[in-house]
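Heads up, the thing below is written out as structure tokens.
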Amino acid sequence: MKKLTVGMLFLLLLSAFVWAGGQAAAPAEAADASGPVSIDFWTTETQSDRMATIQVLIDTFEALNPNISINLVAVDENDMPTQLNTAAAANTLPAMIECAAENAVAFGSEGLLNAEAITGVIQGIGKERFYSGTLRLNETAQKGMYYGVPYHGWVQGIWYRADWFEEAGLNPPSTWNDILKAAEYFYKPAENQYGILVGTKAEAYAEQCFTQIAMANGAQLFDADGRLIFNSPEMREAVEYYAKLAEYTPPGPQTWRARDYYLQGKMAMFFYSTYIMDDLAIETAARDSLTSQNFEDLAGKNFDPELVQNTRLASIIRNTQNSGYGTIVSFGIPDHGDQARIAAAQRFIQYLFTPNAYITWLHMAPGGMNPVLKAIPTNSRFQNDPKGIFQHYGKDKMAEIIQGLDSIETFSIVEGKRMAAASTIYSKQIIPQMLYKITQEGMDIDKAMEWAEAEMKKLM
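Residue numbers (numbering that gives the first Met the number 0): 0 to 459.
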């Protein structure tokens with residue numbers, strides 16, 4: 000298949016939008032943006048190929064809305080807070096930004112975003128059309144009001160050998176009990192086979208695995224008033240449970256790299272995000288996990304074309320409550336007070352949710368950018384991604400995978416409030432260090448949790 004040029008993509012988008020009457024996603028009418036208006040759109044998609052795709056979307060929108068012009072500005076995610084605050088001080092705020100949902104809540108809490116304008120867009124699109132967890136991560140302290148419009152995200156969960164589970168008569172690994180039972184059943188170290196992969200090295204992967212497990216038990220770092228509540232019964236149960244799972248993980252401090260065991264048929268389950276989808280489906284993507292270079296006890300294996308069909312994802316884990324985990328990217332409208340620019344930004348966001356524009360954006364990173372609208376996973380055009388990944392999964396499995404966005408949670412946002420200290424704790428890797436002390440050094444759980452809590456208090 001020949002690669003589409005930028006010009007061809009523009010014409011296809013324009014014709015598709017016009018053919019659909021410009022209302023393919025039935026967006027609400029934005030406030031009138033009459034008269035020429037120019038707006039700046041800050042995006043964190045700084046790669047040149049992604050910038051080119053977004054520019055095509057902008058060009059298509061401008062052709063349909065000749066009174067609105069959009070200036071695309073690339074801003075590194077790490078620089079966004081500083082640049083936004085600088086722009087606010089200079090009264091040069093952009094009309095629209097793209098950033099992680101956690102940052103949107105932080106900016107909104109600082110008074111930098113227009114929650115009323117964003118909430119209007121969400122209501123116009125239809126709140127019921129979104130996966131509820133994606134909205135919850137953008138919600139203000141006032142229920143039903145939002146700092147950001149969720150746009151896409153990745154999902155984490157437990158990828159597992161559905162054929163093994165079916166043959167063993169085991170339930171899918173969706174509850175604490177079922178996960179542990181399966182981890183024990185499939186743990187056969189004498190045969191170089193392991194039950195599950197959870198992070199045991201002091202790094203981010205361990206925290207990502209642990210967070211979803213902890214939240215499935217209702218554990219949190221902070222309450223809504225910002226008080227540290229780490230050393231709670233719920234958190235201790237989660238730590239104890241995680242340590243038990245670690246017994247069925249390959250030996251030594253392990254990280255995401257141990258996915259090689261799964262891809263070589265030596266593991267029943269592993270925690271990973273939807274970024275693994277191409278590795279499971281396409282031989283060239285899986286190649287670096289099929290060698291003996293990363294682990295001495297793996298001999299290497301040819302690509303298994305049936306692995307993707309035999310794999311399923313438990314995207315929601317439950318003990319006392321449902322827990323999903325991932326990252327959401329959102330659009331925000333800065334609170335600059337210019338009604339014409341606000342209306343233009345609203346109209347552009349609505350356009351970006353029309354199916355052809357939306358799917359074009361999502362296809363910049365298949366598996367990494369998943370839709371927040373429930374109808375898109377089963378959309379035939381969405382299924383036809385440029386890399387040919389999704390066709391290996393099918394509509395039903397895609398909907399099942401992305402369902403995790405309904406229950407997505409984070410330690411950083413509690414009742415619409417951004418807990419800045421949670422990000423600091425994350426950056427210092429206190430929880431992964433604690434897990435390492437327990438699983439690799441044999442430290443007592445209570446002592447390890449006391450150490451972690453003391454470290455957290457130092458940062459606060």
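Built from N, CA and C at the ideal position, the CB exists for glycine as well.
- Sorting I212, K416, M144 and K200 by C-alpha distance to the C-alpha of P249 places K200 at the top.
- The beta-carbon separation of Q263 and L289, rounded to 6 Å, stays under the 8 Å limit for a contact.
- If only uninterrupted alpha helix (DSSP H) runs of at least 4 residues are considered, those enclosed by the stretch 334-377 are 338-351 and 354-361.
- P149 carries a strand assignment under DSSP once its states are collapsed to helix, strand and coil.
- Ranked by Cα distance from D303, the options A343, Y260 and M442 are led by Y260.
- The Cβ atoms of E233 and G217 lie closer than 8 Å to each other.
- Annotation for A99: the continuous beta strand (DSSP E) segment containing it runs M95 to A99.
- Listed in chain order, the beta strand (DSSP E) elements of length 3 or more contained wholly in the stretch 59-137 are 67-73 and 95-99.
- Note that the C-beta distance between S291 and G403 is not below 8 Å.
- Check the Cα spacing between S68 and each of T85, A94, D75 and N77: the tightest is with A94.
- Counting only residues of its own chain and dropping the five nearest sequence neighbours on each side, T52 has a CB closer than 6 Å to the CB of M363.
- Taken in chain order, the complete alpha helix (DSSP H) segments of 4 or more residues contained in the stretch 220-245 are 232-245.
- For F164, the three-state secondary structure derived from DSSP is helix.
- The beta carbon of N230 is closer than 6 Å to those of M448 and E452 in its chain, skipping five residues each way along the sequence.
- Under the DSSP assignment, Y271 falls in the beta strand (DSSP E) whose first and last residues are M268 to S272.
- Look at S173 here: in three-state DSSP terms it is coil, with no helix or strand label.
- With a threshold of 16 other beta carbon atoms within 10 Å, K446 falls short and is exposed.
- Taking P35 as the centre and dropping the five residues before and after it, the same chain places the C-beta of N66 closer than 6 Å to its C-beta, in chain order.
- According to DSSP, residue pairing for T42 in a beta bridge involves A73.
- Looking at the DSSP output, R311 bridges to Y159.
- G323 places its beta carbon less than 8 Å from that of V154.
- Annotation for E202: T254, Q428 and P431 place their beta carbon closer than 7 Å to its own, counting only its chain and skipping 5 residues before and after.
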